[in-house]
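In our numbering, the protein residues as written are 1 to 199. Beta carbons are placed, not taken as given, at the ideal position from N, Cα and C, and that holds for glycine. All values reported here derive from a predicted model rather than from experimental measurement.
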């Protein structure tokens with residue numbers, strides 16, 4: 001009876017948006033690498049076997065399809081977080097001194113994970129940064145896709161060419177976050193059950 005009465009730490013809408021976001025991010029990253037290969041910013045390209053789309057046109061189709069899912073899912077995630085009060089409860093208040101302490105503890109392998117209903121300060125800052133990064137990806141992506149239609153956004157980002165660099169480095173940050181996130185899940189596997197079952 002106790003297991004049925006336990007309150008979900010992660011509600012269904014959060015788990016659903018999390019997994020939808022995970023799928024769309026993979027699709028956008030892999031198709032984005034193929035798009036990048038067609039006109040590289042730097043003297044390297046991504047191995048074609050790790051890209052999606054098969055050719056530039058196919059990659060663009062995958063990228064745009066995932067883009068709409070990513071945007072709609074992101075708006076739903078932010079809206080429900082704010083309306084439910086979860087954003088305030090889980091992410092506030094923020095503390096730079098506590099971030100430093102939790103960061104040192106994490107590097108030493110001493111950061112506690114006993115109470116999964118609460119985020120430590122490293123998690124708070126990391127999740128907030130990745131949300132901001134997602135917004136930056138969306139804004140810079142709009143500039144790259146419809147530069148003429150979004151001149152205000154283009155100018156804010158410093159022009160089309162600068163927007164390409166911003167989009168690339170925002171993607172690189174997202175990839176780094178995903179890698180670290182997966183490592184942390186491997187170290188604390190009960191967080192995967194939490195994001196699957198809710199408790």
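Where residue i and residue j are concerned, what is the direct C-alpha to C-alpha distance, given to the nearest angstrom?
{"i": "residue 76", "j": "residue 107", "result": "34 Å"}
{"i": "residue 150", "j": "residue 52", "result": "27 Å"}
{"i": "residue 95", "j": "residue 123", "result": "12 Å"}
{"i": "residue 97", "j": "residue 159", "result": "37 Å"}
{"i": "residue 41", "j": "residue 191", "result": "37 Å"}
If you check the beta carbons only, do residue i and residue j fall under 8 Å apart?
{"i": "residue 10", "j": "residue 198", "result": "yes"}
{"i": "residue 59", "j": "residue 35", "result": "yes"}
{"i": "residue 91", "j": "residue 144", "result": "no"}
{"i": "residue 176", "j": "residue 140", "result": "no"}
Does residue i pass the burial test, meaning 16 or more other C-beta atoms within 10 Å, or should it be called exposed?
{"i": "residue 26", "result": "exposed"}
{"i": "residue 125", "result": "buried"}
{"i": "residue 102", "result": "buried"}
{"i": "residue 24", "result": "buried"}
{"i": "residue 64", "result": "exposed"}
{"i": "residue 183", "result": "exposed"}
{"i": "residue 73", "result": "buried"}
{"i": "residue 110", "result": "exposed"}
**Q.** alpha helix (DSSP H) runs wholly inside the stretch 57-116, at least 4 long, in chain order
**A.** 86-91, 96-107
**Q.** Minimum length 4: unbroken alpha helix (DSSP H) runs contained in the stretch 112-165
**A.** 121-145, 151-156
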